[in-house]
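Chemist:
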Amino acid sequence: DVKVTQSSRYLVKRTGEKVFLECVQDMDHENMFWYRQDPGLGLRLIYFSYDVKMKEKGDIPEGYSVSREKKERFSLILESASTNQTSMYLCASSTHHLPLLGTPIEQYFGPGTRLTVT
Amino acid sequence: ILNVEQSPQSLHVQEGDSTNFTCSFPSSNFYALHWYRWETAKSPEALFVMTLNGDEKKKGRISATLNTKEGYSYLYIKGSQPEDSATYLCAFTAYSGGGADGLTFGKGTHLIIQP
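Chains as they are written, first to last, in our numbering: chain C, 49 to 166; chain F, 9 to 123.
(1) Using 10 angstroms around the beta-carbon of I120 (chain F), count the other beta-carbons present and answer buried if the total reaches 16, otherwise exposed.
(2) Considering only residues of the same chain and omitting the five flanking positions on each side of E104 (chain C), which have a CB-CB separation below 6 Å?
(3) Judging by CA-CA distance, which residue of F:Q122, F:L19 and F:A99 is the nearest neighbour of Y39 (chain F)?
(4) Spatial neighbours of V57 (chain F) within its chain, please: CB distance less than 6 Å, with the 5 preceding and 5 following residues excluded, ordered by chain position.
(5) Quick one: grab the DSSP three-state call for D23 (chain C).
(6) Looking at chain F, is there any beta carbon in it that lies within less than 7 Å of the beta carbon of P87 (chain C)?
(7) What does L93 (chain C) reach in chain F if we use C-beta pairs closer than 7 Å?
(8) Along the beta strand (DSSP E) that carries M136 (chain C), what are the first and last residues, could you check?
(9) Could you check if G160 (chain C) is buried or exposed, using at least 16 other CB atoms within 10 Å of its CB as the buried criterion?
(10) Residues bridged to Q54 (chain C) by DSSP?
(11) Please report how far the alpha carbon of V67 (chain C) lies from the alpha carbon of K65 (chain F), in whole angstroms.
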C-alpha cells in the first residue's frame with residue numbers, strides 16, 4: 049500500500065513564526081504536491097515537485113516555499129506565518145511517466161495537517 | 009486557472025435512497041477525471057479515474073459516468089448508507105504534451121446520510 053505521512057495532524061503557531069510542514073512517501077514516487085483546503089474553496093494547489101530539487105508553483109504559492117532535498121520528502125515552509133494561512137494542508141504523491149491515454153496518474157494523499165495561526 | 013464545478017455543494021439524503029451529483033470541467037485538453045471520497049479525519053480516497061468519453065465505472069453501490077465532449081461527470085450512489093457520508097471531490101487533469109498536470113479540484117459535494 050502507498051503510504052503518505054505528514055509530520056503533524058494538528059499544529060498551532062503564532063503569527064510571524066517560521067513553520068515547516070513535512071511530508072514523506074514510501075513508494076518512490078517522483079511527484080509530490082502540497083494543497084490547502086478551506087471551507088467553500090475546495091482543495092487548492094500550492095506547490096508541486098517533479099523531481100528532487102525541482103519545484104513548480106501551483107495556483108496559490110504566495111507566502112509559501114518548498115524544499116525537496118530527497119525524493120521521499122517534500123517540505124512546505126511558511127516563512128512568516130499569518131492568520132490567513134490557518135487551514136488544512138494536504139500532501140500527495142504520484143508516479144511520473146510519459147502518459148499513454150488511458151493510463152492516468154493517480155495521486156495518493158496524506159492524512160492532512162490542520163494548522164492554526166494565532 | 010481551470011474551472012471545475014461541483015453541484016450541489018451539500019446534500020442530505022435519507023438512508024436507503026439513491027442520489028447523484030455532478031462535476032463539470034473544461035472539455036479541451038482533457039486527460040483524466042478523478043473522483044475521491046474524503047471522510048472526516050481520513051485521507052481522501054480515490055474512487056474512480058476515467059479517461060475516455062462514455063466511460064462508466066462501478067464500485068459496489070457507487071458508479072460514475074463521463075462525458076468529455078460536454079465536460080461533465082456524474083457520481084451515483086444507490087441505496088445510501090450512513091458510511092457513505094463524506095465529501096466527494098472531483099478533480100480534472102489536463103493533458104500538457106510532455107506529461108499530465110497536477111489535479112484541479114472542485115469544491116466538493118458534502119453528503120450526509122440521515123438514518
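Ideal Cβ placement from N, Cα and C applies to all residues, glycine included.
Modeler: In brief:
(1) exposed
(2) F96
(3) F:A99
(4) A40 and H42
(5) Look at the range of chain C in this structure, 49 to 166, and you will see that residue 23 (chain C) is not part of it.
(6) no
(7) G110
(8) S135 to S142
(9) buried
(10) C:C71
(11) 41 Å
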